[in-house]
């Protein structure tokens, strides 16, 4: 019979509510990428494909009788390291955040990561930008993440922003070494600024208790280690990025 045996690992089968193992009828010439995505699984969720025990790429055209095993991506996922499915590595880890997980933009920028977020950007523009700028797309839109132009992405599972942040941080192994080096609002890099130069813009309490400041040269926002830093550090501890003793 003109079929293959298609097997999904438990992580994919459970989340996408598909059978972990079944016979798939080859009624047309299709790539394994198209076959996988026909089951509702975006290619961004796939970390390994085995065809009769051998590694295969998304371009594989299955033939009758093959056993195709599909595995989910494993943490930590590093887009700067190539593999069989994604042979072209990214120069660095950068993100593109969709409107439906927009709160992630500020949280990831707080860690110092380059995060592009434009709520007016449509799916085609996002896919083109992700390809051009080599960015990982974070979204809850399966259709968006099935676009061929998108190489790396995450179909975010969690509902709450705090849980989404923890999910993404865990998957990509995010660190806090660059914390508060980017503007939370516009994503530009922050620079140190002398207190005397901005003294006229500070509230009395800020002038009295703080001496170290950074500034965004793009949007003119000023930052200092106020109560927002403590709150953000608590988020990092909840996400497992900072130790409790930090």
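Residue numbers (the working numbering): 202 to 447.
Heads up, the beta-carbon is just placed ideally off N, CA and C, and yes, glycines get one too.
As the structure is a prediction and not an experimental result, all values here were calculated from the model.
| query | Is any heavy atom of the ligand FMN found at a distance shorter than 6 Å from the C-beta of residue 230? | reply | The ligand FMN is absent from the structure shown, which contains no ligands of any kind.
| Which residues bound the alpha helix (DSSP H) around residue 144? | Missing from the structure shown is residue 144; the chain here goes from 202 to 447 and no further.
| Under a three-way DSSP split, which group does residue 330 fall into? | What you label residue 330 is simply residue 129 of the chain shown in a count that begins at 1. It is helical.
| query | Quick one: Cα of residue 337 to Cα of residue 273, how far? | reply | Residue mapping note: residue 337 aligns to position 136 of the chain shown, counting from 1. Residue mapping note: residue 273 aligns to position 72 of the chain shown, counting from 1. Residue 337 and residue 273: Cα-Cα distance of roughly 16 Å.
| said: If you measure between the beta carbons of residue 316 and residue 296, is that distance less than 7 Å? | reply: One-based indexing of the chain shown puts residue 316 at position 115. One-based indexing of the chain shown puts residue 296 at position 95. Closer than 7 Å, so yes.
| Opposite residue 417 in the DSSP bridges: which residues? | Numbered from 1 along the chain shown, position 216 holds the residue referred to as residue 417. According to DSSP, residue 417 bridges with 391.
| task | Counting only the same chain and skipping the five closest in sequence on each side, list residues whose C-beta sits under 6 Å from that of residue 203. | result | For the purposes of this step, residue 203 is taken as residue 2 along the chain shown, with counting starting at 1. Same-chain partners within the cutoff: 227, 265.
| query | Since residue 255 sits in a beta bridge, which residues does DSSP pair it with? | reply | Looking up residue 255 in the chain shown gives position 54. Beta-bridge pairing links residue 255 to 252.
| Which of the three DSSP states, helix, strand or coil, is assigned to residue 382? | In the chain shown, residue 382 corresponds to position 181, counting from 1. In this structure, residue 382 counts as coil in the three-state DSSP scheme.
| said: Quick check on the burial criterion: 16 or more other C-beta atoms within 10 angstroms. Buried or exposed for residue 280? | reply: As a position in the chain shown, residue 280 is number 79, starting the count at 1. Label assigned to residue 280: buried.
| request: Could you have a look at residue 317 and say whether DSSP puts it in helix, strand or coil? | output: Taking the first residue of the chain shown as position 1, residue 317 is located at position 116. The answer is strand: DSSP assigns residue 317 an E or B state.
| task | For the alpha helix (DSSP H) holding residue 410, just list the boundary residues, first then last. | result | Start at 1 with the first residue of the chain shown, and residue 410 comes out as number 209. Residue 410 -> alpha helix (DSSP H) spans 405-410.
| field | Nearest residue (CA-CA) to residue 369, options 261, 298, 252, 223 | value | Along the chain shown, read from residue 1 onward, the residue named residue 369 stands at position 168. The residue with the shortest Cα to Cα distance from residue 369 is 298.
| Does DSSP put residue 427 in a helix, a strand or coil? | Numbered from its first residue, the chain shown carries residue 427 at position 226. Note: residue 427 maps to coil in three-state DSSP.
| query | Are there 16 or more other CB atoms within 10 angstroms of the CB of residue 263, so buried, or fewer, so exposed? | reply | Against the chain shown, residue 263 aligns to sequence position 62. Classification for residue 263: buried.
| task | Using three-state DSSP, classify residue 271 as helix, strand or coil. | result | The residue you call residue 271 lines up with position 70 of the chain shown. Note: residue 271 maps to strand in three-state DSSP.
| said: Taking its Cβ as the centre, do 16 or more other Cβ atoms sit within 10 Å of residue 429, making it buried, or is it exposed? | reply: Working through the chain shown from its first residue, we reach residue 429 at position 228. Residue 429 comes out exposed.
| query | Closest by CA to residue 417, which one among 386, 436, 427? | reply | Against the chain shown, residue 417 aligns to sequence position 216. Looking at the Cα atoms, 386 is the closest of the given residues.
| Could you give the distance in angstroms between the alpha-carbon of residue 404 and the alpha-carbon of residue 379? | Numbered from its first residue, the chain shown carries residue 404 at position 203. Numbered from its first residue, the chain shown carries residue 379 at position 178. CA-to-CA, the gap between residue 404 and residue 379 works out to about 27 Å.
| request: Give me the Cα-Cα distance between residue 392 and residue 323, rounded to the nearest whole angstrom. | output: Taking the first residue of the chain shown as position 1, residue 392 is located at position 191. Taking the first residue of the chain shown as position 1, residue 323 is located at position 122. Their Cα atoms are separated by approximately 32 Å.
| request: Just tell me which of 294, 362, 346, 358 has its CA closest to the CA of residue 334. | output: As a first step, residue 334 must be located in the chain shown, where it is residue number 133. Taking only the C-alpha atoms, the option nearest residue 334 is 294.
| Is it a yes or a no for the stretch 236-245 touching the stretch 300-314, going by three-plus beta-carbon pairs under 8 Å? | Verdict: no, contact absent.
| Using 7 Å as the limit for Cβ to Cβ distance, is residue 439 near chain D? | Protein chains in the displayed structure number just one, and chain D is not present.
| request: Go ahead and label residue 433 buried or exposed: buried means 16 or more other beta carbons lie within 10 angstroms of its beta carbon, across all protein chains shown. | output: Taking the first residue of the chain shown as position 1, residue 433 is located at position 232. The residue is buried, with at least 16 neighbouring Cβ atoms inside 10 Å.
| query | From this set, 305, 440, 325, 412, which residue's C-alpha is nearest residue 388's C-alpha? | reply | On the chain shown, residue 388 is found 187 positions in, with the first residue counted as 1. For the residues 305, 440, 325, 412, the minimum Cα distance to residue 388 belongs to 305.
| Closest by CA to residue 383, which one among 415, 326, 300? | Along the chain shown, one-based indexing puts residue 383 at 182. Distances from the alpha-carbon of residue 383 to those of 415, 326, 300 put 415 closest.
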